[in-house]
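Structure first, commentary second.
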Amino acid sequence: MFKNKSVRRFLSVLLVLVGAALIFLATEAWAGAVLVGLGITIELIGIAMRHR
Numbered sequence: 006m007f008k009n010k011s012v013r014r015f016l017s018v019l020l021v022l023v024g025a026a027l028i029f030l031a032t033e034a035w036a037g038a039v040l041v042g043l044g045i046t047i048e049l050i051g052i053a054m055r056h057r
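My numbering applies: residue 6 is where the sequence shown begins, and numbers increase by one.
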C-alpha cells in the first residue's frame, strides 16, 4: 500500500496506539465489547503494516 518505510512505520505506530486507546477506554457494556474488538482489529492492521 505505502512504499515509503517511514510513512508506513508512522501509520503502524499510530494505529497500534489508537487501538490501545480504544481498548483502554472500553466500558463493561456491550459497546465496550465492540470497542475492544475494534481496538484489536486496528492493532492487528498496524502490526501487519509494520511487518511488510
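Think of the CB as a built atom: it goes at the ideal place given N, C-alpha and C, for glycine as much as any other residue. Quick caveat, the model's predicted, so the values are computed rather than measured.
Exercise. Do you know offhand how far Gly44's Cα is from Lys8's?
Worked result: Rounded to the nearest angstrom, the two C-alpha atoms are 25 Å apart.
Problem set entry | Inter-residue Cα distance where the pair is Met54 and Ser17 | 6 Å
Exercise. What is the DSSP secondary structure of Lys10, reduced to helix, strand or coil?
Worked result: helix
Problem set entry | Residue from Arg13, Ile28 and Val21 whose Cα sits closest to the Cα of Ile39 | Note on residue identity: the sequence assigns Val, not Ile, to residue 39. Checked all of Arg13, Ile28 and Val21; the closest Cα to Val39 is Ile28.
Problem set entry | Cβ neighbours of Ile52 in the same chain (closer than 6 Å, five flanking residues each side left out) | none
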